[in-house]
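Residue numbers (our numbering): 109 to 176.
Cβ coordinates follow ideal geometry from the N, Cα and C atoms, glycine included.
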């Protein structure tokens, strides 16, 4: 069944491919693509949390003109 989703190719080295395959089999994903999509999703979520935390820390940082 053809998909309408966009496709692209990612080239990885042998070590990263092994790590993706290990993740796939440990978590019982049906395909390498499904495992890769989940890893991308998890990475994007972690990045967004990190960026949100950094923005909050920047907002709470006192400006240079304040005195104690």
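- By the CB criterion at 8 Å, residue 127 and residue 140 fall outside the cutoff.
- Secondary structure at residue 119: coil, using DSSP grouped into helix, strand and coil.
- Per DSSP, reduced to three states, the secondary structure at residue 171 is coil, with no helix or strand assignment.
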